[in-house]
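Heads up, the thing below is written out as structure tokens.
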Amino acid sequence: MDESFYGGRELTLTDKGVELLFADDVGIMEKSKNFNPKNCIVFDPDKIKPTNLFFNPNEEEQIGQISKLIQEENYQKARQKFQAHGLPPGLTVLFYGDPGTGKTQVAYNLAQASQRLLLMVDIAAIRDKYVGESEKRIKQIFKTYRKACEHHDLHPILFFNESDALISKRYEVNSSVDQMNNSMQNILLQELEDFQGILIATSNLNMNLDTAFERRFLYKVAFQKPELTTRLLIWKDKMPELLEIEIKALAEEFALTGGQINNICRKYLLSHILNDDTPELEELRRLCEREYFGRAEAKPLGF
9 MDESFYGGRE LTLTDKGVEL LFADDVGIME KSKNFNPKNC IVFDPDKIKP TNLFFNPNEE
69 EQIGQISKLI QEENYQKARQ KFQAHGLPPG LTVLFYGDPG TGKTQVAYNL AQASQRLLLM
129 VDIAAIRDKY VGESEKRIKQ IFKTYRKACE HHDLHPILFF NESDALISKR YEVNSSVDQM
189 NNSMQNILLQ ELEDFQGILI ATSNLNMNLD TAFERRFLYK VAFQKPELTT RLLIWKDKMP
249 ELLEIEIKAL AEEFALTGGQ INNICRKYLL SHILNDDTPE LEELRRLCER EYFGRAEAKP
309 LGF
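What the sequence shown shows, in my numbering, is residues 9 to 311, in sequence order.
In structure tokens form, the structure reads like this:
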């Protein structure tokens, strides 16, 4: 364009100006902008590799229901129903229970299956030594999520992994740190009250959930250690090369979680590489015993 047309000066268009000038293309332009949220790690559903997971019947039923609900057609119907009854349209879910029971991986699988972006909150990055900064950051996370909902066709999943520090019981304020934690929890409670999208939180807490958070989570799924039938399925999936009798022996003898069985499988494969042979069943038993880390509550079954 000839410089004399605008006197050599730069022109800055407002959002409204862009909308008027490029009315037909503004949607495409908006979608093409890079989305770089602060204090969140972004997972593209197309890049998430789904993992086979096996659960006890109660968990399996609840996870299946949540999976169906966040499929777009059902999700929009649920939002309309909630709004028609004057209720907040958000879906808030808490997965809690023992480590290694699959809570985090379920969130990844749900994002992949529903083709929704997963925004995982970097909880460690939220905290700041300066007064008021941590509170600002947690507010910013929800502001970022609302922008993400506008930016993407499908509402993303906001994911608070290992959220124990944020949702545990509140205590008396004896220090500035206590004050900060309580302030952050109050902000989170208010955001959950008004939440408009899909939120999943995980926690290793079983009994220490603050009562104020209980009603804020629509679904609360307790992840228990796998029962015998579930352990059999996990062993078969992770180590199909084992004989049926070997799988049965290990599943009956050791009350392991899926995460522990996964670790044993990896050690088994490494042993195969280092020793250039196939480990015997007794070697697998030793690996199972070592995986317990000597914890008294996780002794092998039997007498």
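We treat Cβ as the ideally placed atom computed from N, Cα and C, and that holds for glycine. The structure presented is a predicted model; accordingly, all values stated were derived computationally and were not measured.
{"Check": "Coarse secondary structure for Ala263, derived from DSSP in three states", "Outcome": "coil"}
{"Check": "Start-end ranges of the alpha helix (DSSP H) lying completely within the segment 230-258, minimum 4 residues", "Outcome": "236-246"}
{"Check": "Ile165 (DSSP reduced to helix, strand or coil)", "Outcome": "strand"}
{"Check": "Where Gly98 sits in the DSSP three-state scheme", "Outcome": "coil"}
{"Check": "Proximity below 9 Å, CB of Arg154 to CB of Asn47", "Outcome": "no"}
{"Check": "Exposure label - Thr100; buried when at least 16 CB within 10 Å", "Outcome": "buried"}
{"Check": "Those residues which DSSP pairs with Ser171 across a bridge", "Outcome": "Answer by DSSP bridge pairing: none, since Ser171 is not bridged."}
{"Check": "Simplified DSSP assignment, three categories, for Ile146", "Outcome": "helix"}
{"Check": "Stretch pair the segment 247-267 + the segment 231-238: three plus CB contacts closer than 8 Å", "Outcome": "yes"}
{"Check": "When Ile56, Gln204, Leu127 and Gly72 are compared against Phe90, the one with the closest alpha-carbon", "Outcome": "Gln204"}
{"Check": "Secondary structure of Leu207, DSSP reduced to three states", "Outcome": "strand"}
{"Check": "Other residues of its chain near Ala230: CB distance less than 7 Å, five sequence neighbours each side excluded", "Outcome": "Tyr104 and Gly105"}
{"Check": "Local Cβ density within 10 Å of Ile281, reported as buried at 16 or more and exposed below that", "Outcome": "exposed"}
{"Check": "Length of the line joining the Cα atoms of Glu297 and Ser279", "Outcome": "16 Å"}
{"Check": "Distance between Asp202 and Phe62 (C-alpha atoms, nearest Å)", "Outcome": "33 Å"}
{"Check": "Cβ shell of Asn271 (< 7 Å), same chain only, five flanking positions each side left out", "Outcome": "Glu299"}
{"Check": "Ile281 (DSSP reduced to helix, strand or coil)", "Outcome": "helix"}
{"Check": "Assumed close pair Ile131, Glu170 - CB separation to whole angstroms, cut-off 8 Å", "Outcome": "7 Å"}
{"Check": "Extent of the continuous alpha helix (DSSP H) run through Phe90", "Outcome": "Glu80 to Ala92"}
{"Check": "Euclidean distance between Cα positions of Leu217 and Leu102", "Outcome": "10 Å"}
{"Check": "Span of the beta strand (DSSP E) around Ile49", "Outcome": "Cys48 to Phe51"}
{"Check": "Minimum C-alpha distance to Leu118 - residue among Pro96, Glu80, Ile134 and Gly94", "Outcome": "Glu80"}
{"Check": "Residue burial classification, Gln88 (beta-carbon count within 10 angstroms, cutoff 16)", "Outcome": "exposed"}
{"Check": "Whole-number beta carbon distance between Ile255 and Leu277, since they are thought to touch under 8 Å", "Outcome": "In fact, because the Cβ distance is near 16 Å, the residues do not count as touching under 8 Å."}
{"Check": "Nearest-angstrom Cβ-Cβ length linking Arg124 and Pro45, presumed shorter than 8 Å", "Outcome": "Actually they do not touch by this definition, with Cβ atoms about 15 Å apart."}
{"Check": "Of the residues Ile206, Glu249 and Ile242, the one placed nearest His163, counting alpha carbons only", "Outcome": "Ile206"}
{"Check": "Residues near Thr152 by beta carbon distance below 6 Å, same chain, minus five either side", "Outcome": "Pro45"}
{"Check": "Leu125, enclosing alpha helix (DSSP H) - first and last residue", "Outcome": "Run containing Leu125: none; DSSP gives neither H nor E here."}
{"Check": "Other residues of its chain near Phe173: CB distance less than 8 Å, five sequence neighbours each side excluded", "Outcome": "A small correction: the amino acid at residue 173 is Ala; Phe does not occupy that position in the sequence shown. So the qualifying residues of the chain are Ile131 and Asn189."}
{"Check": "Same chain, Cβ closer than 8 Å to Gln232, five either side skipped, listed in chain order", "Outcome": "Asn64, Asn66, Glu67, Gly105, Asp106 and Thr109"}
{"Check": "Short Cβ contact (9 Å threshold) for Ile165 with Ala115", "Outcome": "yes"}
{"Check": "Opposing strand residues paired with Lys228 [DSSP bridges]", "Outcome": "Leu102"}
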